[in-house]
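Residue numbers (the UniProt record's numbering): 1 to 289.
Down below is the structure, laid out as C-alpha cells.
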C-alpha cells in the first residue's frame, strides 16, 4: 500500500503524541519524543500542528516529522519501520522536494534516528553529514541521589520565575510567561513538570522541564538551563538530578537528553549527574544552490 504524507491538524496532535510515546523504548534510538512536541507547544496548538508531518500506510502512522524552525526537520519512526524501504524512499522524496511543502529551498537540515534507512538514502541523494550531537541516558531502575538543594515544582503562579531563569540561561531567548502557559495547556504536558532550583536566598537559579512518555518508557529533559549569574555552583548537576528523580516518580524507565557535542559544558553537566554518553549522531544537511 502507498505511503501518504499528511498534516494532522490540531485535532490530530493527540494521536501524534500517543504514537511518539509508544515508539520510545530503552533499546531503541533517541528520536523525537512527546516532550519535543510539548516544548514546541509553547508557540501554541495551531503552530504546532502546522509544524507536524506524518507518514502513514493504511491509516497507521509510521513516521512523524517536527519542523523545529524553518530549516530543520526532526524525524521519528515506528521501531518496526526504521528500515522500511518504501517508507524511507517516500520520506526522502518528500523532504528533498521543496514543492512538497516540508522543507523549503536553501540550506536545510534533517535529524533522523540512528539506524534509519532514510539517512542512507539521503546521503546517496547528495545530502551531507552535519553537526554531531551527543545523546545521554540514565537508567532509573536504581535510586537517584537527592540533589542536595531546594527543588520546587512550578505551577501557573510561578511561571514568571521559570520563564525568567530560562531567558537568563540562553542567549537570545525570548521565552515569556505566556509561552509557559501555552506549553502547559498542551496535550503532552499531562504528567510533565517544570522544576526550579532555589539558592539559599530563595532565588530561582536553574530550571528544567521533564516529559514522561508513559510508565516504563524513557522520559525527556527539554530544556534545562542555569541562570548565567549563578553558574559554577553545581546547580546544573542538581537540577538534572532533580529531573531524573521527578521522572522516576512517575514511572519512567530512564531519562534521556540530546545536546550538540560542541556544547561541552552541557555534556559534562549531564555526565556529572549520572547520565552516560551514547554514540554520537549527526544531522544531515543540503545546501541548495
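Glycine included, C-beta positions come from ideal geometry on N, C-alpha and C.
If we call anything under 9 Å between Cβ atoms a contact, is residue i one with residue j?
| i | j | result |
| --- | --- | --- |
| residue 230 | residue 205 | yes |
| residue 140 | residue 253 | yes |
| residue 72 | residue 283 | yes |
| residue 197 | residue 145 | no |
| residue 168 | residue 225 | yes |
| residue 163 | residue 150 | no |
| residue 36 | residue 222 | yes |
| residue 193 | residue 153 | yes |
| residue 98 | residue 54 | no |
| residue 220 | residue 165 | no |
| residue 217 | residue 27 | no |
| residue 281 | residue 91 | no |
| residue 134 | residue 272 | no |
| residue 213 | residue 43 | no |
| residue 66 | residue 51 | yes |
| residue 56 | residue 110 | no |
| residue 246 | residue 195 | yes |
| residue 32 | residue 76 | yes |
| residue 5 | residue 100 | yes |
| residue 240 | residue 285 | no |
| residue 184 | residue 156 | yes |
| residue 46 | residue 138 | no |
| residue 70 | residue 13 | no |
Hey, could you find the ends of the beta strand (DSSP E) residue i is sitting in?
| i | result |
| --- | --- |
| residue 18 | Where residue 18 is concerned, there is no enclosing beta strand (DSSP E), although the alpha helix (DSSP H) it sits in stretches over 9-22. |
| residue 65 | 60-67 |
| residue 4 | 3-6 |
| residue 76 | 72-77 |
Would you mind sorting residue i into buried or exposed? The rule is 16 or more other CB atoms within 10 Å of its CB.
| i | result |
| --- | --- |
| residue 107 | exposed |
| residue 104 | exposed |
| residue 161 | buried |
| residue 123 | exposed |
| residue 186 | buried |
| residue 190 | exposed |
| residue 74 | buried |
| residue 119 | buried |
| residue 170 | exposed |
| residue 201 | exposed |
| residue 132 | exposed |
Check whether the Cβ of residue i lies closer than 8 Å to any heavy atom of the ligand ADP, and answer yes or no.
| i | result |
| --- | --- |
| residue 113 | Inclusion of the ligand ADP in the displayed structure is not the case, the ligand content being empty and no account of it being possible. |
From which residue to which residue does the alpha helix (DSSP H) around residue i run?
| i | result |
| --- | --- |
| residue 87 | 85-96 |
Under a CB-based cut-off of 9 Å, is residue i close to chain D?
| i | result |
| --- | --- |
| residue 168 | No chain D appears in the structure shown, which is made up of a single protein chain. |
Q: Would you list, in sequence order, the uninterrupted beta strand (DSSP E) runs of no fewer than 3 residues that lie entirely inside the UniProt domain "N-acetyltransferase" (149-289)?
A: 150-153, 193-198, 204-211, 218-226, 254-260, 281-287
Q.
Going residue by residue through the segment 105-149, where are the continuous alpha helix (DSSP H) segments of at least 4 residues, counting only ones entirely within it?
A. 117-124
Q | Contact the segment 263-271 vs the segment 111-128: 3+ CB pairs below 8 Å | A | no
Q. Given 8 Å as the limit, is there contact between the segment 205-214 and the segment 57-64, that is, 3 or more CB pairs closer than that?
A. no
Q: Mind listing, in chain order, the continuous alpha helix (DSSP H) runs of no fewer than 4 residues lying wholly within the segment 29-55?
A: 34-40, 45-50
Q: Could you tell me whether the segment 31-45 touches the segment 2-21, where touching means 3 or more Cβ pairs closer than 8 Å?
A: yes
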